[in-house]
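With the working numbering, the residue at position 177 of the sequence shown is 296, and numbering never jumps.
No residue lacks a Cβ here, since even glycine has one placed at the ideal position from N, Cα and C.
These figures come from a predicted structure and were not determined experimentally.
The structure under discussion appears below in the form of structure tokens.
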Amino acid sequence: AGGGLAAAALQVAVTGSVVLGTTAALFAPWLATATPAASSAQVLHRMFPFARGLYEDKVANVWCSLSVVVKLQRFIPPRRLPLFCAVVTLTALAPACACCLRLRPSGKGAFAAALTASAFAFFLFAFQVHEKSILYPCVAACLLPVAMGPQRRPAWLAAALCHFLLVCMFSMYPLFVKDELQGAYAALCLPMLLLCEGLPAPPPLRAAFRASSVAALAIHGVHALVPAPARYPDIWTLMVTAPSCAYFVLCWAGITAAQLYGAFESPGEARKDD
Numbered sequence: 120a121g122g123g124l125a126a127a128a129l130q131v132a133v134t135g136s137v138v139l140g141t142t143a144a145l146f147a148p149w150l151a152t153a154t155p156a157a158s159s160a161q162v163l164h165r166m167f168p169f170a171r172g173l174y175e176d177k178v179a180n181v182w183c184s185l186s187v188v189v190k191l192q193r194f195i196p197p198r199r200l201p202l203f204c205a206v207v208t209l210t211a212l213a214p215a216c217a218c219c220l221r222l223r224p225s226g227k228g229a230f231a232a233a234l235t236a237s238a239f240a241f242f243l244f245a246f247q248v249h250e251k252s253i254l255y256p257c258v259a260a261c262l263l264p265v266a267m268g269p270q271r272r273p274a275w276l277a278a279a280l281c282h283f284l285l286v287c288m289f290s291m292y293p294l295f296v297k298d299e300l301q302g303a304y305a306a307l308c309l310p311m312l313l314l315c316e317g318l319p320a321p322p323p324l325r326a327a328f329r330a331s332s333v334a335a336l337a338i339h340g341v342h343a344l345v346p347a348p349a350r351y352p353d354i355w356t357l358m359v360t361a362p363s364c365a366y367f368v369l370c371w372a373g374i375t376a377a378q379l380y381g382a383f384e385s386p387g388e389a390r391k392d393d
């Protein structure tokens, strides 16, 4: 048990050293200026824009979606919001990450699942999240099929991952409209839809994929053809971001539950604990 804990601590230390070294290399140009403290402070200010509000534009995270019903600013002082978001974010990522610190080896699959759950937690609950931040869960989720290995990887995982990437692109559609990238968006979505349709998936999952695709097409049509009411100028944008947020919450909850259940541990590593 002690050896397993020491190995886990060593792995965390090595990974942390790589992260700290990379951060130091990225900060080197500002540290080399005549005013390193002021330059670094300006970089940190842009990295953590606490003065800019709870979220950026209309993003598919929990705080933006909840703002339709309840605004946190009415109950929590603005200066306390960053701390509140930090506590909620850490609470959301803690269960999946704690599984990697079990006394038995958890394996690459569990580590990739912890990365994915952490990325979801930051996107859904962190302070001042941008639409493009959904790319972090995208990158982490793409590691899951490889990290799980052929013994643990279900046959439908590739189709589910493809559908997830489609929803991620859909969640950024208002940003694409703002930047006039609808053509590029459509050019990416079409082959992804065809790929998702061609990958193996059980009938219930296939039906869910198709239903969500039809709903997304309907929302696109309304967004493009029907002017938003003057009283609710962001209603069509929220029709994109709110369902996307609900989907991402389900993904985070599902990955966290599967991690707690041990679904991402390889069979060989799980047997070592017996």
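> Exposed or buried, which one is methionine 166 when buried takes at least 16 other CB atoms within 10 Å?
Replying inline: exposed
> What are the uninterrupted segments assigned as beta strand (DSSP E) that are 3 or more residues long and contained completely in the segment 236 to 316, given in chain order?
Replying inline: none
>> Assuming histidine 282 and cysteine 315 are in contact, meaning their beta carbons sit under 8 Å apart, how far apart are those beta carbons, in whole angstroms?
In response: 5 Å
>> Suppose you measure from the CA of leucine 379 to the CA of proline 155; what does that come to, to the nearest Å?
In response: 44 Å
> phenylalanine 289 to valine 341, Cα distance in whole Å?
Replying inline: 14 Å
>> Just to check my reading of the structure: alanine 179 and phenylalanine 295 have Cβ atoms closer than 8 Å, yes? What is that Cβ distance to the nearest angstrom?
In response: Not a contact, Cβ separation roughly 13 Å.
> DSSP state of tyrosine 351, grouped into three classes?
Replying inline: coil
>> Among Val286, Gln161, Ile195, whose alpha-carbon lies nearest the alpha-carbon of leucine 173?
In response: Ile195
> Exposed or buried, which one is phenylalanine 383 when buried takes at least 16 other CB atoms within 10 Å?
Replying inline: buried
> Within 10 angstroms of its Cβ, does leucine 369 collect 16 or more other Cβ (buried), or is it exposed?
Replying inline: exposed
> To which residues does DSSP link tyrosine 174 through a beta bridge?
Replying inline: Val248
> What residue does the alpha helix (DSSP H) around arginine 165 start on, and which one ends it?
Replying inline: 155 to 166
>> Counting C-beta neighbours from all protein chains within 10 Å, is the total for valine 187 16 or more, i.e. buried, or is it exposed?
In response: exposed
> Can you list, in chain order, the residues of its chain whose CB lies under 6 Å from that of leucine 276, leaving out five sequence neighbours each side?
Replying inline: Pro264
> Between which two residues does the alpha helix (DSSP H) harbouring isoleucine 195 extend?
Replying inline: That residue, isoleucine 195, is in no alpha helix (DSSP H); it is neither H nor E in DSSP.
> Short check: CB of cysteine 308 to CB of phenylalanine 246, under 8 Å?
Replying inline: no
> Which class does leucine 220 belong to by DSSP, given the choice of helix, strand or coil?
Replying inline: helix
>> Just to check my reading of the structure: alanine 211 and phenylalanine 244 have Cβ atoms closer than 8 Å, yes? What is that Cβ distance to the nearest angstrom?
In response: 5 Å
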